[in-house]
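Note sheet for the following structure.
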C-alpha cells in the first residue's frame, strides 16, 4: 500500500482517514457523505492513486470511468485495500448503479463466485459474475467487500425524480444520529423525528425542509407496522398509503403534504416526510387568546388565517379532482390532528410573524376512485374516519352499501372551519367547552324525531351566538365565512352530486417499487354532467344556486372570493371583523346544557330556526346580492368585457331622506296585473328560477305586465319563439340565459322597506330628469364619496389652464373668459367638457377668435351659448364649481400659435380637472345633454305587505357610454383616459366613472377590468399591479379600440393618442412609440387587420410613420392570437429603439428601421397570409421575418412560425423593405435558412 504525506491531497483517501470522516464513525449506522466523494475523487487525485498502484498503462480511460461512473466503487476498493481490482470493474463496465452486491461464496465446481446485484434496476448478472470472478477475488476479500465495506459508501439518496425505493436490509440510512426521537407510537405506525444529511436529500423547495445548504433538515420517518396482517395484506396497505402520498406529492400544492419518499428496508415499509416542527392544528389551538404569538384578532392575523383556510380549501379541491384527468381522491379523515403546522422556512424575515403554514397530511384513509359516487354500486372499503368529523350519511348509509362521496370531506372541513372561528373569537377554553358540550356523541349533527339529520343543537346555539356577536356583523369576512360553513359545508342535504359518465373505467396498477403504466394511453370518452347553476352577472357560476352541501370546487370558489373581497378598494372592500368591539365568552350553557329537557331543547332549536326564517334565507345568501362580483376571481378572471354589479348602498343611504319625500310608502300602491305563474314568483328571495319561451311571454304579456316587460326586453335579442329561456335571480336583478346571464330586469325597494326585503337593493323605480335637484344631489354625493374614499383627485390644484370660463352664480345671466399668463401658478377647481362639435350645418360654431377675445373677457351672454355649452354652465354652477374649460372657447381657434401651445397642454388640462362632464348623448353643440328620459317599464310586486319594484334594466355602461357616438371619436378616448373623474350624461341616466369603478344613478355599482383601465384616475398606474400577460392584453385592447375610432383627419392617428402612449411608456419603463413598446416588441409587431383591408395614410403632420406601425394605416386592427408561454421569440429581430429613446417628430426615416433576417416563403399562395392592403400588387416577391416560433411541446405537432410579411421597396435591390402583412406559417413552409441576414424595414 503506497504511503502519502498528510499534506498530499490524496492523504484522506485511506481506509483509516475515510473511517474517521464518516458520519457516526465506529457505529453500525456510519455512512460516507456524497459531498466527500465529489470533493476527493477527482481526476487529478484518482490519476495519482492509479499511478502509485502501477495502473498507468490504462490510466486516462480508467480515471474517466472512475470519476464519471464508479466513484463509490473506487472508494469501497480503497477501504478494502483492493485498488488494483478497479480494472475488473472497468473491463466489465460495472458502475455505481449496480451496487449493492452479495452474498458472495465460491462453488466448488465453478471458477466464478455466485454473486448478484441487489438493485432492481440491473438485471445483467453476467457483468456481476465476470467482475467478481475466482481469478481475481479471494473469498475473504469478497466477503469484506460485500458484508462490511460497501454499505457506508452507498447510503441512499432521496431525489425529486423518484418516490419509491427498495433498500437492502443492511443499508446504512443517511441519518445524523444513531438513535431516533420517537414522536408517536400507535398500533398502526411508529413515527420518529430524524435529521437527514443534506447531501442525501436532493429535492425542490418543500414546506418544512430548510433550503440552507449548511443545515441538515429534520424529517419524519414513519414505520408502517405489520401487526396481525399477513405479509401480502401488509404490503397492500402500505402501498395504498404510498400511492395516496405520491399523488399528493405530484399535486405540488403547498397545503398538501409533500412526502419525500416511500421505501422498503428489508421487509419493513417506511414513509419519509418533512418534519412538522410546530405540531398540528389541534395543538396550535391550545394557545390562549392572550398568547402574544397569536397576534390576536389583528388584521394581519385574520389575513393569515383566511389565507390558510383558502389554501386548505384549494388543496381539498385539488385532491378531489385534477383538471384534464379522470382522477378523483377523497381524504376520509380530515381533522385538526391531521392538519400539520409547518414553519415556512423560505419566508422573508419580515414575514416571520406568520404563525405557520397549514398542511393536510395523514392520508391513511385517502381513497382513489375513477368513477363518481353515484355510479359506484359497491360500498367504499375505506375504514371510518374520526367519529367527531364524520357527516350524517356515514350512519345513514351503513346498511345501504352506498359509495362514499367526496362531500364526506366537505363536512369535515366545515367542522374544522367552525372550530377555527370559535377558537379565534373565544379562545381555546371555550372551544374545548363546545366540544365537551357535544356530549358522548361528539358529532356535529343529531337526528330529529323523524330520524332526519340536522345540525346538533349545541352547534346551532354557537352559530346563532356568533351571528349576534358585535364583532361579526353581516358586512364582515368572518360572518360570511360562518354563513358559508353553516349553509353550504355543514348542510345535512347532500344535494345533487355531479356525476361522471364514462364509456370505460380506467384501472390503475401500482407496483410495489415504482409506478407503472400498461402502455395503453387510450381512455374512453367522458361526459361531465353537472347540476344546473345560477350565474353571476359576469357569467361565473355562483354556488348558492346549488342545493345542499357544496362540492370542493364550490367551497373553494366561495372562500377564495370572500378573501378577495377583503383586498378590494374602498366601498368594495369587506372588513375582516369589527376589531374595536369588546370580546365576549360563548353562549350560556343553560341554553343547551344537560339541564334542558328534550322538549326544552326542541323549543329552543325551533326558536332559532324561526329567527332565521324571518329573513327567508341565511345571512350569507341575503348579502351575496350586495357583492355578486365577489363570485369572480380577479386572479384568474380573463380580461373580458363582462360587467359585475353591486348595490351602491352608501349613496342610497345618504339620500334616503330625500327619497322618502319624493317616493312615499304609498308610491305606486297599485299592484301590477300578473299571470298565475308571476303571482307566485318570490322574486324577493335571493334564489328564484323560472323558464319560458318568447312565444309564451308574448301570449301572457297581453294581460301580465311582468311577462310584457320580459318580452319587450328580449324580443330584439332572441330570434326563436320556441327557444327555452332560463331566468334566475342574480344579485338584485333577474338575469336571462339568452343575454349571457346579464340583467333583463332590476329589483328595487324603497328605504322604508329595506329591513323587510334584505335581499332587494334600495333604489327608485323612476329617475328624475337630469339637472333636477335629486340628480344634482346624486352627483354631489358621488364627488363627496370619491373624495373621501378614493385617491382620484389631482395631486394638487395649482394648475389652471391658460384660459377658463368663470361661470359666476345665479341670477347672473353671463359668464366671462378668464385669461392667465402662460406658466402662471394660479390655483382653483375647474370642470372640463368633453363633447362633439357636430356638423357645421346643424350646429352653431360658437368659438373664441382673435376678433372676439377681448369681448369674451368682459362677458359672454349665457343666452348666446349653444345648448350643450349652456347646460354645461348650468351643471357647473349647480355643483358649486367656479370654472369650466371648453376647448372651442378656451383656445383661440384662428391662432395657430395659440392652438399649438394649448393642444400640447391637453393631457394636463384633462388630468388636472376636478371632474370632466361628458356630453355623451349630445350630437353637437346645439343638441344639449340634459334630455328628457324615455319612460321606464316598471312592475310593482309585493312580499306580503312590503312593495318592491321590478324595472327594466338600464344599467348598461357599455352600450350607453362606450358605444356612444361621442366615444367613437379618436380624440375622446384620450380625454376619457386622462380624466380622473367623469360624469357621463346619457339618454337613460348619468354614470360616474373614477378609479373606484362606475356608479349609476340607479344606486348601482359596476366594475369591468378593461373599462377600469381607462377609468384609472392616474392612468395607467393600475396596470402596474397586473401580471405581464394582463398588461399585454390591456394595451392590445386599448390600441385595437383606438384603431377603430373615427378621426376627422386621418393624419391625426399618431397624435390623438400620443398623450396616452407617453404615459404607458413611462409606466412600463420602456422605450417605444407608434404603437410599439420595446419591452413587448415581438407581440406589438404582430398586429393584423380586422376588416377586409387597411388603407395606407399618405401624409402626416411633418413626420414619417413606419410601415411596421399600424398607425401608418386607416382601419381597425387586432393582434394575432399568440399563446402565452408557448413561443420562443426571435433574438435576431433588432428593435428600432435600440439606439433611440422613443419616436418623435425629429426622428429620421433611417432611425426608425426594424432590422431582421429575411426568409423565403415556400408556399406563397398559402391562405394563412394576411395582407394589410389586399388591392396592392407588386412584382417583388413576398418574404417573411420570423418573429417567434412555437415551442416544441408536442413531438407530433408541427412547429408554427409567427411572421411579418415584407416586400422590397424603393426600387429593385434597394435593400429597404416595408411591411405588407402577417402570417402564421408552419415551419416547413418557410426556408430553413435566411436569404438575407439583416434587412431594414421602414
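Numbering (my numbering), first residue to last: 2 to 1243. Where is the CB? At the ideal position from N, CA and C, for every residue including glycine.
Practice problem: Determine the extent of the alpha helix (DSSP H) in which residue 481 is found, giving its start and end residues. | Solution: 478-485
- Mind checking residue 480: buried by the 16 CB within 10 Å criterion, or exposed? buried
Given a threshold of 16 other Cβ atoms within 10 Å of its Cβ, counted over all protein chains shown, does residue 1072 qualify as buried or as exposed?
buried
| query | So what's residue 138 in DSSP terms, helix, strand or just coil? | reply | coil
(Q) Less than 9 Å between the beta carbons of residue 464 and residue 419, yes or no? (A) yes
* Asked: Which whole runs of the beta strand (DSSP E) in the segment 731-759 are 3 residues long or more, in chain order?
  -> 734-737 and 743-750
Cα-Cα, which of 791, 832 and 824 is closest to residue 808? 832
Go through the segment 801-825 residue by residue and report every complete run of the beta strand (DSSP E) that reaches 3 residues or more, in order. 804-807 and 815-820
(message) Give me, in chain order, the residues of the same chain whose beta-carbon lies closer than 7 Å to that of residue 182; leave out the 5 immediate sequence neighbours on both sides.
(response) 193 and 194
At what residues does the beta strand (DSSP E) containing residue 991 begin and finish?
991-995
Which residue wins for smallest C-alpha separation from residue 919, given the options 1206, 934 and 978? 978
Handout entry: Three-state secondary structure (DSSP) of residue 493
Key = coil
Should residue 760 go down as buried or exposed, given a rule of 16 or more other Cβ atoms within 10 Å for buried? buried
Worksheet item: Out of curiosity, what's the CA-to-CA distance linking residue 1160 and residue 1207?
Response: 10 Å
- Alpha carbon of residue 1053 to alpha carbon of residue 1037, nearest angstrom: 20 Å
Q | Cβ neighbours of residue 179 in the same chain (closer than 6 Å, five flanking residues each side left out) | A | 25, 28 and 30
task = Would you mind stating whether residue 164 and residue 203 have Cβ atoms separated by less than 9 Å?
result = no
Query - residue 118 versus residue 340 - alpha carbon distance - result: 42 Å
Just to confirm before moving on: does the CB-CB distance between residue 1201 and residue 1157 stay below 9 Å? no
Q) Alpha carbon to alpha carbon, how far is residue 509 from residue 237? A) In this prediction, residue 509 has a pLDDT of 25, which is less than 50 and means its spatial position is unreliable; nothing more can be read from the coordinates.
Q: With DSSP as the reference, please indicate the residues paired to residue 1089 in a beta bridge.
A: 1119
Inset, instruction - Assign residue 12 to one of two classes, buried (16 or more other C-beta atoms within 10 Å of its C-beta) or exposed (fewer than that). - result: exposed
Quiz item: Expressed to the nearest angstrom, what Euclidean distance is found between the alpha-carbon atoms of residue 708 and residue 698?
Solution: 5 Å
* Test item: CB-CB of residue 996 and residue 792 under 9 Å -> yes
So residue 942 is in the beta strand (DSSP E); what residue range does that whole segment cover? 939-944
As a quick exercise: from 589, 651 and 878, pick the residue whose alpha carbon is nearest that of residue 777.
878
Notebook entry, point to check: Going along the chain, which residues of its own chain have a beta-carbon closer than 7 Å to the beta-carbon of residue 1091, five neighbours each way excluded?
Noted result: 1117, 1118 and 1119
Item to complete: Return the CA-CA distance between residue 205 and residue 343, expressed in angstroms with no decimal places.
Response: 16 Å
Checklist line | N- and C-terminal bounds of the beta strand (DSSP E) containing residue 913 | finding: Here residue 913 belongs to no beta strand (DSSP E); instead the alpha helix (DSSP H) covers 907-913.
Next on the checklist: For residue 947 and residue 863, I'd like the C-alpha separation in whole angstroms.
Outcome noted: 48 Å
task = Decide if residue 1198 is buried, meaning its Cβ has at least 16 other Cβ atoms within 10 Å, or exposed.
result = exposed
query: Tell me which same chain residues have a C-beta within less than 8 Å of the C-beta of residue 233, skipping the five on either side of it?
result: none
(message) Closest to residue 868 by C-alpha separation, out of 910, 1080, 926 and 656, would be which residue?
(response) 926
- When the Cα atoms are used, what is the spatial distance from residue 1139 to residue 881? 51 Å
Using a Cβ-based criterion (distance less than 8 Å to any ligand heavy atom), does residue 643 qualify as near the ligand NAP? By its list of ligands, the structure shown contains no ligand whatsoever, and the ligand NAP lies outside what it can speak to.
key: Per-residue burial, residue 388 [other beta carbons within 10 Å of its own, 16 or more giving buried]   = exposed
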